[in-house]
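**Q** Okay, so the sequence shown: first residue is 1 according to the UniProt record's numbering, each after it adds one. Got a structure here, written out as structure tokens. Questions coming.
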Amino acid sequence: MLYCEQIEEIVEVCRRSGELGFGAASGGNVSYRVAENVILITPTGIIKRNIVFDDICIVNMEGQVLYAKEGRKPTGEMFMHLYCLKARPDVTGIMHAHPPYAIGMSLTAEGQNAMILPLLPESMTQLGPVFTIPYVQPNGEELGYSFEPYIQKSNAFIMANHGCLVCSTSGVLDTVESVQVLESLAKSLLANRIMGGDIRTLTNEEMEGLDNLLLIRGEHMPGGKKQFTGMKDIFDKA
């Protein structure tokens with residue numbers, strides 16, 4: 001069977017996501033663009049940590065099922081994945097998860113505003129500003145379209161009162177780390193709230209240092225290709 005290695009990576013990502021508490025029961029989903037018109041995607045209704053090789057479905061960019069084991073069908077949020085993959089040709093891996101602290105940040109305006117600030121180098125360089133997308137009913141096309149104003153501006157998003165979505169340009173294995181970085185940012189903000197005091201953001205000079213770091217690593221800015229000139233540009237436009 002084609003794409004065996006990539007399917008195993010999705011299975012591993014689902015297992016790790018479940019173990020880390022990023023999706024209760026069957027919540028969340030993962031997709032992997034393995035060819036121009038071939039997408040591997042998790043099935044609906046299966047507990048993520050229990051997903052096995054044969055559970056993974058294969059669809060094209062129009063959502064037509066190319067392969068699904070009997071009794072399996074793609075996640076009901078497939079359209080959201082396909083919309084984001086079409087909008088971001090650079091993205092190959094997507095994870096939708098339910099990390100509780102990050103979701104908690106979406107429940108207040110204060111939390112939403114804090115998540116787009118330039119705070120931690122790791123989240124800034126890997127994710128960018130984390131936008132909160134207003135609540136939309138899950139499992140519908142409207143959920144996919146709700147990403148339109150944001151998808152080019154970051155690699156991580158919180159769907160208010162619902163969950164998060166992270167994008168990777170290097171397959172699906174990085175998506176678990178991205179959700180961990182996102183959840184760590186949310187926990188850090190919660191710790192700040194408990195301790196009190198103003199939130200310290202990075203200065204322009206410190207953000208320029210992160211630009212240089214990405215240059216040394218040979219990595220791109222978060223968001224769509226050539227959308228931003230540097231960290232200051234990304235966060236000024238958030």
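By construction, the Cβ of each residue, glycine as well, lies at the ideal position given by its N, Cα and C atoms. It should be emphasised that the depicted structure is a prediction, and the values quoted were computed from it without experimental measurement.
Do S146 and V130 have their beta-carbon atoms positioned less than 8 Å apart in this structure?
**A** no
**Q** Give the range of the beta strand (DSSP E) segment to which F131 is assigned.
**A** 131-133
**Q** Would you call the CB atoms of N60 and V30 closer than 8 Å?
**A** no
**Q** Are the Cβ atoms of V172 and E36 separated by less than 8 Å?
**A** no
**Q** What would DSSP say about V176, mapped onto helix, strand or coil?
**A** helix
**Q** Are A114 and M124 closer than 8 Å when you measure CB to CB?
**A** no
**Q** Going by DSSP in three states, M61 sits in which element: helix, strand or coil?
**A** coil
**Q** Please report the distance separating the alpha-carbon of G93 from that of S168.
**A** 5 Å
**Q** Between the Cα of Y32 and those of V91, L120, G223, T132, spot the shortest distance and give me the residue it belongs to.
**A** V91
**Q** Mind checking whether S154 and L127 have CB atoms under 8 Å apart?
**A** With a cutoff of 8 Å on beta-carbon distance, S154 and L127 are scored as near each other.
**Q** Tell me, please, which residues DSSP counts as bridged to L165.
**A** Secondary-structure assignment with DSSP links L165 through a beta bridge to H96, F157.
**Q** Buried or exposed: which applies to Q64, given that a residue is buried once 16 or more other Cβ atoms fall within 10 Å of its Cβ?
**A** exposed
**Q** Take Y67 and list the residues in its own chain whose beta-carbon comes closer than 8 Å to its own, dropping the five residues that flank it on each side.
**A** C57, I58
**Q** As a quick exercise: from L85, R16, K187, pick the residue whose alpha carbon is nearest that of I41.
**A** Ranking L85, R16, K187 by Cα distance to I41 puts L85 first.
**Q** According to DSSP, is S31 part of a helix, a strand, or is it coil?
**A** DSSP places S31 in strand when its eight states are reduced to three.
**Q** Nearest-angstrom Cα distance between H162 and I116?
**A** 18 Å
**Q** Please report how far the alpha carbon of C164 lies from the alpha carbon of G197, in whole angstroms.
**A** 27 Å
**Q** Okay, do the stretch 46-57 and the stretch 14-31 touch, 3+ Cβ pairs below 8 Å being the bar?
**A** yes
**Q** If you drop the 5 nearest sequence neighbours on each side, which residues of the same chain put their C-beta closer than 8 Å to that of R88?
**A** I151, Q152, C167, G224
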